[in-house]
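Participant: Residue numbers 1140 to 1326, in the numbering used here, belong to the letters of the sequence shown in order.
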Amino acid sequence: MANDGRADRRWSDAGWTGRRLYLYNICVPTTHQATKPAELTDAVLSASRVLVAVAARSLAEHEDEVSISQYRALVILASRGPQRPVDLAEALAIDPSTATRLCDRLVRKRLISRRRQGADRRAVRLDLTARGRQLVDSVTARRRLEIEHVLETIPAGERNALARAFVLFARRAGEIPEAQWPRSWEL
1140 MANDGRADRR
1150 WSDAGWTGRR
1160 LYLYNICVPT
1170 THQATKPAEL
1180 TDAVLSASRV
1190 LVAVAARSLA
1200 EHEDEVSISQ
1210 YRALVILASR
1220 GPQRPVDLAE
1230 ALAIDPSTAT
1240 RLCDRLVRKR
1250 LISRRRQGAD
1260 RRAVRLDLTA
1270 RGRQLVDSVT
1280 ARRRLEIEHV
1290 LETIPAGERN
1300 ALARAFVLFA
1310 RRAGEIPEAQ
1320 WPRSWEL
């Protein structure tokens, strides 16, 4: 049995008969039905470990440029459009002064811009620059490829159920689907 990120495949005349999927040294039973809240939580935690590994690898080529926290700020601006610093801090669940320092670094790197709103010099909006948008798009594209590779190992019917579950999970967690992210030219 290979444990190299590919499924343990057993083929028969009927097709896929594998019972386990090996993802990044994590063995996930493919036939288990989580009926108790703790079992469901364990299943989500197992999947999240895989997704965190994918996220870390997708950021690796940019690790000298941004931290995970800085990247998350870029994603929030990409998905929600321009934000007030206090709103970005709330979305990141960090103190506003911490968000200010984080944004100072992103402005110096030319990944975000600060724009004054009206006559009040304290009213500021944060937005992605073209360079920040390119970084988010690059990391997302790499992440997308790796996730697609894993999804190809899952039978179609199970992929559909997985997609429905992830859409519901993301919606309940307040995540905005990428297809609904505003683009710079739409703002």
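Note that the Cβ used here is the ideal one computed from N, Cα and C, for glycine as well.
In terms of residues, what are the limits of the beta strand (DSSP E) holding Q1209?
Facilitator: Segment I1207 to R1219 is the alpha helix (DSSP H) holding Q1209; no beta strand (DSSP E) there.
Participant: Check each candidate in L1216, A1238, L1290 and Q1256 and name the one with the smallest Cα separation from L1274.
Facilitator: L1216
Participant: Can you check whether the CB of R1254 is closer than 8 Å to the CB of T1268?
Facilitator: no
Participant: Here's the rule I'm using: 16 or more other beta-carbon atoms within 10 Å means buried, otherwise exposed. How should W1324 be labelled?
Facilitator: Bear in mind that a pLDDT of 43 at W1324, under 50, signals an unreliable position, so the model cannot answer this.
Participant: Measure the beta-carbon distance from R1281 to S1197 and round it to whole angstroms, keeping in mind my assumption that it falls under 8 Å.
Facilitator: 4 Å
Participant: In terms of residue numbering, what span does the alpha helix (DSSP H) encompassing L1301 cover?
Facilitator: A1295 to R1311
Participant: In or out: E1314 buried (at least 16 other Cβ within 10 Å) or exposed?
Facilitator: exposed
Participant: Going by beta carbon distance, what residues of the same chain come within less than 8 Å of E1285, once the five residues before and after it are set aside?
Facilitator: Correct list, in chain order: V1193, R1196 and S1197.
Participant: Here's the rule I'm using: 16 or more other beta-carbon atoms within 10 Å means buried, otherwise exposed. How should G1257 be labelled?
Facilitator: exposed
Participant: Using the three-state DSSP reduction, which class does R1223 fall into: helix, strand or coil?
Facilitator: coil
Participant: Along the chain, where does the beta strand (DSSP E) that runs through I1286 open and close?
Facilitator: Not the beta strand (DSSP E): I1286 falls in the alpha helix (DSSP H), residues A1269 to L1290.
Participant: So, using beta-carbon positions, are G1271 and I1251 closer together than 8 Å?
Facilitator: yes
Participant: Opposite L1265 in the DSSP bridges: which residues?
Facilitator: According to DSSP, L1265 shares a beta bridge with Q1222 and R1253.
Participant: Quick one, which of Q1319, L1184, R1303 and D1276 has its alpha-carbon nearest H1201's?
Facilitator: D1276
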